[in-house]
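Heads up: the structure comes next, in structure tokens.
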Amino acid sequence: MNSVLNLNETKLDQMGNTKLFENDKVIIWDFVLKPGEASAMHTHMKDYMWFAIEGAPLQIFDQEGRDCGVFDVPTNGVFSLKVTDGVVEVLSEIGKGEKFPATHKAVNVGQSNYREVLVEYK
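Heads up: the sequence shown is residues -1 to 120, going by our numbering.
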């Protein structure tokens, strides 16, 4: 089933809720979504990784609001992702080979908070 989400907000430069650290190599973000909450629309331009402090299922929507599926993120999961030509590919063991658009938003469709620390490579 392909559902469509109304996209009211577009932020293409912010990968998380709070920037924890930045230097010439990385930006580290703290990212939290409460149940039912959506991230801003954003675009990943560089490879990145994250550690899920609190896991939850995340429903991904592309720039046009099309449903790209649910990505189940377990607590303590570590993810490594490569960005190529507008597509993000999961390289880590969990979710290996999964692909989704580099421009997207995520909705926490679980029953508990979702929290990750994301490392964006420069």
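In this text, a Cβ means the ideal position worked out from N, Cα and C, and glycines have one as well.
Fair warning: this is a prediction, and the values are worked out from it, not measured in the lab.
Alpha carbons only, please: which of V88, Q109, A104, G108 is nearest the one belonging to F29?
Counting from 1 along the sequence shown, the entry for residue 29 is found at position 31. Comparing Cα positions, the closest option is A104.
Taking just the CA atoms, how far does V76 sit from I92?
Residue numbering aside, residue 92 sits at position 94 when the sequence shown is read from its first letter. Residue numbering aside, residue 76 sits at position 78 when the sequence shown is read from its first letter. Straight-line Cα distance between these residues: approximately 8 Å.
Could you check what DSSP says for A36 in three-state terms: helix, strand or coil?
For this step, residue 36 is matched to residue 38 along the sequence shown. A36 sits in a strand when the DSSP states are folded into three classes.
Check each candidate in I25, S110, E118, E20 and name the one with the smallest Cα separation from V71.
In the sequence shown, residue 71 corresponds to position 73, counting from 1. Looking at the Cα atoms, S110 is the closest of the given residues.
When Y112, D83, E62 are compared against F69, the one with the closest alpha-carbon
Taking the sequence shown and counting its residues from 1, the one referred to as residue 69 is at position 71. Of Y112, D83, E62, the residue nearest in Cα terms is Y112.
Just the C-alpha distance for H40 and T101, rounded to the nearest angstrom, thanks.
As a working mapping, residue 40 is identified with position 42 in the sequence shown. As a working mapping, residue 101 is identified with position 103 in the sequence shown. About 5 Å.
Alpha carbon to alpha carbon, how far is A50 from G84?
In the sequence shown, the residue the question calls residue 50 occupies position 52. In the sequence shown, the residue the question calls residue 84 occupies position 86. Approximately 23 Å between the Cα atoms of the pair.
Got a sec, what are the start and stop residues for the beta strand (DSSP E) E91 sits in?
The residue given as residue 91 occupies position 93 in the sequence shown. First-last for E91: undefined, no H or E at that position.
N15 (DSSP reduced to helix, strand or coil):
Within the sequence shown, residue 15 is the residue found at index 17, counting from 1. In this structure, N15 counts as coil in the three-state DSSP scheme.
Helix, strand or coil for D28 per DSSP?
As a position in the sequence shown, residue 28 is number 30, starting the count at 1. Looking at D28 - three-state DSSP - the assignment turns out to be strand.
How long is the line joining the alpha carbons of N4 and P99, rounded to whole angstroms?
Taking the first residue of the sequence shown as 1, we reach residue 4 at position 6. Taking the first residue of the sequence shown as 1, we reach residue 99 at position 101. Because N4 carries a pLDDT of 35, less than 50, the predicted location of this residue cannot be relied on, and no value is offered for it.
Can you tell me which residues form a DSSP beta bridge with N106?
Stepping through the sequence shown from its first residue, residue 106 is reached at position 108. For N106, which the question treats as bridged, DSSP gives the partners L56.
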